[in-house]
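Asks: If you want our numbering, it's the 1-based position in the sequence shown plus 99. Provided herewith is a single structure, encoded as C-alpha cells, for subsequent inquiry.
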Amino acid sequence: MNARIAGIGYYVPERIVTNEELTKVMDTTNEWIVERTGIEERRYVDKHKETTSTLAAEAAKIAIERAGLTPEDIDFIVFATLSPDYYFPGSGVLLQRHLGIKGIGCLDIRTQCTGFIYGISIADQYIKTGMYKNILVVGAEVHSAGLDFTTRGRNVTVIFGDGAGAAVLQPTEDETKGILTTNLHADGEYAEHLAFYNPGTHGGAFLKDQGGLEFPDEPDLGGMHLTQEMLDKEAIYPHMNGRYVFKHAVEKFPAAIEEACEAVGCTADDINMLIPHQANLRITQMIQLKFGFEDERVYNNIQKYGNTTAASIPIALCEAWEKGLIKEGDLVCLAAFGSGFTWGAAMIRW
Ligand code: ACO
C-alpha cells in the first residue's frame, strides 16, 4: 500500500517585505541580494496576530478541504519547524488545538530544511503499516521573529521568510501511484555551520569539547535562560557559514535525487517536475545545470517568499500544482538540504 497526497495547501502572511525595505535597516542592496540569492521579497507575520502554528492551521485547512475531509478525519499530525511557537510543547499540539481536534497523536520534528521530506517519509511508513489513514504533514516557519535586523546579521537575514505548507496523506491501493520512495540523511559533524544555539543546554565554549566548533563570541555557558553575557555578546541570533553550506548543498541535493531515481528504477530524465527546497536560487540553478533540466521542469518561487525552510517544499509543491504544472501521472521529485546537515529526497507519482 502506498501513501498518496490527497490534498495540499499553503499560506503565507500578507505583509510583503522587499529587499528595498531591508536596506533601510541594514547595509545591503537589492542588487546584492538578487545576485547572490535570487530573492526579491519575502513575507513576515504580523507578530500580534500570527504564529508558526496559526500559519500552519491556515495551510492545513486548505489541504484538508482539498482532500475532501474535515479536521475530525485526521488521525495523526506531523509538524516540521525550526521556529516553534514555544520552546515546549511543540507546535503540533497547538495546531491540533487550532483545528479543534482532540486526542490524536502529534509529532514535532526538528530537521530544518529537510523537515517536510522527513515528515512525509514518517507518514508514508505509518500508512504502509496500516496504523493511520489520514495524516496531516505540515512545514511552517516564522523566521522574522528570530533574525538579526542589523548589518551584522545581513548574510542570514536577507535569505529567510515566513510561511506554511501542508499535505494530507492517505493510502492508495494503486501501487504505481503516490510516494514511491524517500531517502533521509544527516551528518551531525556539521551541526554548528548552520545553527541557532541560544537558548540551549550546550555549555557555551564547552561546545568544542563535544566535537563542535569553537566560537570566540559564544558565552561561557549556554542554558535555557538567556544570560546577560549572551545579550552582551549578542549571541542570540542564527549563525550560518554561507559558503560552507553552499558547497555541501550542491553535492548533497544531487546525491539525494540520484538515490531516489535509483530506488524507483528511473533516471533524472524521467522526472517531470523537481521541487527543490528553496534554499537559494543559485544552489537550485547548479542542480538544474548538473541534471540538464529545462526551466519548466524545476519549480522556483524563492523570488517571492525567500527561504521558508520546512515550509518551502510544500509551498512550492502546492503553488506548482495550483498552476497546473503538475498533472496526474507526473513523476515529481522533492529534494532538500539544510541545517544538521540533513538532506533527502522523495519521489512521487502524482
Ligand atoms: N548585503 C550586502 N553584503 C553582504 C550581505 C548582504 N546581505 N551579506 C554578506 N555581505 C558581504 C559580506 O560581509 C562580505 O563582505 P566582505 O567581503 O567585505 O567581507 C561579502 O558580502 C561576501 O560575503 P560572503 O558571506 O562570502 O558572501 P557569499 O558570496 O558567500 O554569499 C551567501 C553569501 C548568499 C549566504 C552564500 O554564501 C550562499 O548562498 N550560501 C548558501 C547558504 C544558503 O543558501 N543558505 C540558505 C539557508 S540553508 C538552506 O536552506 C540549505
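Where is the CB? At the ideal position from N, CA and C, for every residue including glycine.
Tell me whether residue 377 sits in a helix, a strand or coil according to DSSP, three-state version.
Replies: In the structure shown, residue 377 adopts coil according to DSSP, grouped into three states.
Asks: Please state if the CB of residue 414 and the CB of residue 75 are separated by a distance shorter than 9 Å.
Replies: In the structure as shown, the chain starts at 100 and stops at 449, and residue 75 therefore has no counterpart that could be examined.
Asks: Return yes when the Cβ of residue 377 is within less than 9 Å of the Cβ of residue 405, no when it is not.
Replies: yes
Asks: What is the DSSP secondary structure of residue 206, reduced to helix, strand or coil?
Replies: strand
Asks: Looking at the unbroken beta strand (DSSP E) that takes in residue 264, where does it start and where does it end?
Replies: 262 to 271
Asks: I want to check one thing, is the minimum distance from the CB of residue 210 to the heavy atoms of the ligand ACO below 8 Å?
Replies: no
Asks: Quick check on residue 393: does DSSP put it in helix, strand or coil?
Replies: coil
Asks: Between which two residues does the beta strand (DSSP E) harbouring residue 197 extend?
Replies: Taken as a continuous stretch (DSSP letters only), residue 197 belongs to no beta strand (DSSP E), being part of the alpha helix (DSSP H) at 190 to 198.
Asks: Beta-carbon separation of residue 167 and residue 106 under 9 Å?
Replies: yes
Asks: With a threshold of 8 Å, establish whether the CB of residue 235 neighbours any heavy atom of the ligand ACO.
Replies: Not under cutoff, so the answer is no.
Asks: Should residue 218 be labelled buried (16 or more other beta-carbon atoms within 10 Å of its own) or exposed?
Replies: buried
Asks: Decide yes or no for the touch test of the region 362 to 370 against the region 415 to 427: beta carbon pairs closer than 8 Å, at least 3 of them.
Replies: no
Asks: Can you tell which of 129, 222 and 144 has the C-alpha that lies nearest to the C-alpha of residue 278?
Replies: Checked all of 129, 222 and 144; the closest Cα to residue 278 is 222.
Asks: So, with DSSP's three-state summary, where would you put residue 143?
Replies: strand
Asks: Straight-line CA distance for residue 179 to residue 344?
Replies: 21 Å
Asks: On the premise that residue 144 lies in contact with residue 183, defined as a C-beta separation below 8 Å, what is that separation, rounded to the nearest angstrom?
Replies: Going by Cβ atoms, the distance from residue 183 to residue 144 rounds to 14 Å, so no, they are not a contact pair.
Asks: How far does the beta strand (DSSP E) with residue 109 in it reach, from first residue to last?
Replies: 101 to 110
Asks: With the cut-off set at 9 Å, would you say residue 381 and residue 260 are in Cβ contact?
Replies: Using a Cβ distance threshold of 9 Å, residue 381 and residue 260 do not count as a contacting pair.
Asks: List the whole-angstrom C-beta distance separating residue 236 from residue 215, where the pair is believed to meet the contact cut-off of C-beta under 8 Å.
Replies: 7 Å
Asks: Tell me the rounded alpha-carbon separation between residue 398 and residue 327.
Replies: 45 Å
Asks: Would you be able to state if there are at least three C-beta pairs under 8 Å between the region 249 to 266 and the region 150 to 161?
Replies: yes
Asks: For a minimum of 4 consecutive residues, which ranges assigned as the alpha helix (DSSP H) are wholly contained in the region 208 to 237?
Replies: Restricted to the region 208 to 237, the alpha helix (DSSP H) segments that are unbroken, complete and at least 4 residues in length are 214 to 228, listed in chain order.
Asks: Here's the rule: buried if 16 or more other CB atoms are within 10 angstroms of the residue's CB, otherwise exposed. What is residue 188?
Replies: Exposed, because fewer than 16 other Cβ atoms sit within 10 Å of the Cβ of residue 188.
Asks: Could you tell me if residue 426 is buried or exposed, where buried requires 16 or more neighbouring beta carbons within 10 angstroms of its beta carbon?
Replies: exposed
Asks: Who pairs with residue 282 in a beta bridge, going by DSSP?
Replies: DSSP lists 444 as the beta-bridge partner residues of residue 282.
Asks: Extract the residue ranges of the beta strand (DSSP E) inside the region 337 to 378, only unbroken runs of 3 or more that lie entirely within it.
Replies: 372 to 375
Asks: Classify residue 423 as helix, strand or coil using the three-state DSSP reduction.
Replies: If DSSP states are grouped into helix, strand and coil, residue 423 belongs with coil.
Asks: Sort 239, 197, 234 and 370 by Cα distance to residue 395 and report the nearest one.
Replies: 370
Asks: Buried or exposed: residue 225, going by 16 or more other Cβ atoms within 10 Å of its Cβ?
Replies: buried
Asks: So residue 367 and residue 282 are supposed to be a Cβ contact under 8 Å. How far apart are they, rounded?
Replies: Wrong, their Cβ atoms sit about 15 Å apart, outside the cutoff.
Asks: Mapping DSSP to helix, strand and coil, what is residue 386?
Replies: helix
Asks: Is residue 181 near residue 240, with beta carbons less than 9 Å apart?
Replies: yes
Asks: What residues in its chain sit with their C-beta under 6 Å from that of residue 323, if we drop five residues either side in the sequence?
Replies: 298
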